[in-house]
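Visitor:
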Amino acid sequence: MSFGSFSIRTTKRLAAAGGAAAAGLAGAGATARDALAAKAEPWQLGLPEPVTPLAEQMRTFHDLWLLPIITVITIFVLALLLYTCWRFSEKRNPTPSKTTHNSLLEVVWTGVPVLILVVLAFPSLQLLYASDDTADTEMTLKIVGHQWYWEYQYVDENFGFDAFLAARTHEEAEEMGVPRLMMTDNVVVLPSDTKILLQFTSADVLHNWALSDFGVRVDTVPGRLNEAWTKINAGKEGMYYGFCSELCGADHAFMPIAVQVVTKDAYRAWVQEAKQEFAALDPSLEEDGAREGGEITAAENADDAAGETLLRVAADDRR
Ligand SMILES: [Cu+2]
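In the working numbering, the protein residues as written are 1 to 319.
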């Protein structure tokens with residue numbers, strides 16, 4: 001299945017434009033970085049630059065809470081071990097004490113970890129609830145895991161496509177001018193500054209759609225519909241890459257995720273092109289002219305539940 005060249009071409013064109021912009025602003029580190037969004041740099045430390053509110057919240061949780069606490073614990077335990085090795089060696093401590101219990105110490109080493117967990121529970125639960133808040137989304141992208149590629153359905157626009165690995169070898173990558181094992185033949189295009197509902201399911205085994213920059217990492221489970229949301233900050237347009245993160249078989253390493261974030265206007269223009277390029281999810285909606293309206297209403301969706309029963313029914317249940 002390859003609707004291929006279209007997306008790669010578009011991507012190249014837009015990437016070239018991005019590159020030119022970055023070159024024009026040479027020295028502006030942020031711009032150069034955005035152009036390479038999600039591509040790890042040698043000796044890079046820390047989490048990738050977050051581009052969504054959720055990813056920002058996740059980074060804050062990690063950098064301000066988890067990392068300091070774990071650092072203190074690690075240093076404390078290491079110091080304790082070293083001191084014990086030194087102080088209580090056979091040479092320095094030939095006749096060991098026979099003490100077996102110390103109530104105060106036992107209360108402390110039980111109580112302190114409990115307190116740490118209670119403190120961590122607050123930002124953790126905040127994050128959990130925030131990532132579950134799929135209210136008021138403006139569009140829906142349905143993501144279906146396959147062995148070994150991703151299928152994307154723009155359910156509001158009634159079209160979809162498959163995304164296969166674009167370049168497996170160094171030679172292919174060089175020839176196409178794309179990053180090896182990261183680019184796909186068709187690229188997911190998403191608008192910035194738009195709250196997007198992401199729905200996940202699988203046609204065969206467990207996969208995981210993971211895109212760290214968005215703070216999204218969700219299992220696709222056969223027979224289940226998982227949900228998440230994302231809203232890419234305005235001004236963070238660019239290419240983002242992710243990977244299947246649930247061991248799913250022989251080609252697990254060869255089903256990357258490539259997402260191009262564009263402005264709302266560019267997205268609308270792309271949708272018009274994409275509707276011509278890609279197959280309709282439901283051809284019957286084509287014939288009755290529903291597509292001319294641009295939007296498929298929930299009622300039309302419900303009328304037509306037969307085709308993709310599980311996914312549709314699950315989606316409609318929410319309404
Ligand atoms: Cu996988």
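Don't be surprised by glycine CBs; every beta carbon is placed ideally from N, CA and C.
Within the present structure, is the beta-carbon of M255 separated from the nearest heavy atom of ligand 1 by less than 7 Å?
Guide: The residue labelled residue 255 in the question sits at position 255 within the sequence shown. For ligand 1, at least one heavy atom lies less than 7 Å from the Cβ of M255.
Visitor: What's the call for W148, buried or exposed, on a 16-neighbour Cβ count within 10 Å?
Guide: Against the sequence shown, residue 148 aligns to sequence position 148. Flag for W148 reads buried.
Visitor: Go to V144, then tell me how far its beta strand (DSSP E) extends in each direction, as first and last residue.
Guide: Residue mapping note: residue 144 aligns to position 144 of the sequence shown, counting from 1. Counting along the chain, the beta strand (DSSP E) containing V144 begins and ends at 139-146.
Visitor: CB A163 to CB D136, shorter than 8 Å?
Guide: The sequence position of residue 163 within the sequence shown is 163, counting from 1. The sequence position of residue 136 within the sequence shown is 136, counting from 1. Not closer than 8 Å, so no.
Visitor: If we ignore side chains and look at the alpha-carbon of each, how far apart do L247 and L206 end up?
Guide: Numbered from 1 along the sequence shown, position 247 holds the residue referred to as residue 247. Numbered from 1 along the sequence shown, position 206 holds the residue referred to as residue 206. Approximately 8 Å, taken between the alpha carbons.
Visitor: For T230 versus T74, is the C-beta spacing smaller than 8 Å?
Guide: Walking along the sequence shown from the start, residue 230 turns up at place 230. Walking along the sequence shown from the start, residue 74 turns up at place 74. Contact flag unset, no.
Visitor: Need the endpoints of the beta strand (DSSP E) that E246 sits in, please.
Guide: Mapped onto the sequence shown, residue 246 falls at position 246. From DSSP, E246 is part of no beta strand (DSSP E); its letter is neither H nor E.
Visitor: When the Cα of S212 is compared with those of F243, D193, F159, which residue comes out closest?
Guide: Numbered from its first residue, the sequence shown carries residue 212 at position 212. Selected option, being the one with the closest Cα: F243.
Visitor: For the alpha helix (DSSP H) that contains F170, what are its first and last residues?
Guide: Taking the sequence shown and counting its residues from 1, the one referred to as residue 170 is at position 170. Before going on, a small fix: residue 170 reads as His here, not Phe. Residues 170-176.
Visitor: Return the residue from the list M182, S131, V108 that minimises the CA-CA distance to F214.
Guide: Your numbering for residue 214 matches position 214 in the sequence shown. Nearest of M182, S131, V108 to F214, Cα basis: S131.
Visitor: Under a three-way DSSP split, which group does R268 fall into?
Guide: In the sequence shown, residue 268 corresponds to position 268, counting from 1. Reduced to three states, the DSSP call for R268 is helix.
Visitor: Note the first and the last residue of the continuous alpha helix (DSSP H) segment covering E56.
Guide: Locating residue 56 in the sequence shown gives position 56, counting from the first residue. 53-60 is the extent of the alpha helix (DSSP H) around E56.
Visitor: Put T134 into one of helix, strand or coil per three-state DSSP.
Guide: Counting from 1 along the sequence shown, the entry for residue 134 is found at position 134. Reduced to three states, the DSSP call for T134 is coil.
Visitor: Following the continuous alpha helix (DSSP H) through A228, name the residue where it begins and the one where it ends.
Guide: Along the sequence shown, one-based indexing puts residue 228 at 228. First-last for A228: 226-230, but that is the beta strand (DSSP E), not the alpha helix (DSSP H).
Visitor: Alpha carbon to alpha carbon, what distance is there between H101 and V114?
Guide: Numbered from 1 along the sequence shown, position 114 holds the residue referred to as residue 114. Numbered from 1 along the sequence shown, position 101 holds the residue referred to as residue 101. Cα to Cα, the separation comes out at about 20 Å.
Visitor: Thinking W209 and I143 are a contact (beta carbons under 8 Å), I'd like their distance in whole angstroms, please.
Guide: Here residue 209 is taken as the residue at index 209 of the sequence shown, counted from 1. Here residue 143 is taken as the residue at index 143 of the sequence shown, counted from 1. The Cβ separation is near 5 Å, so the contact holds.
Visitor: Does the beta carbon of C85 fall short of 7 Å from some heavy atom of ligand 1?
Guide: The residue given as residue 85 occupies position 85 in the sequence shown. Checking every heavy atom of ligand 1 against the Cβ of C85, none is found closer than 7 Å.
Visitor: Which residues in the same chain as E237 place their Cβ atom closer than 7 Å to its Cβ, once the five residues preceding and following it in sequence are excluded?
Guide: Counted from its first residue, the sequence shown places residue 237 at position 237. Answer for E237: S192, V261, V262, T263, listed in chain order.
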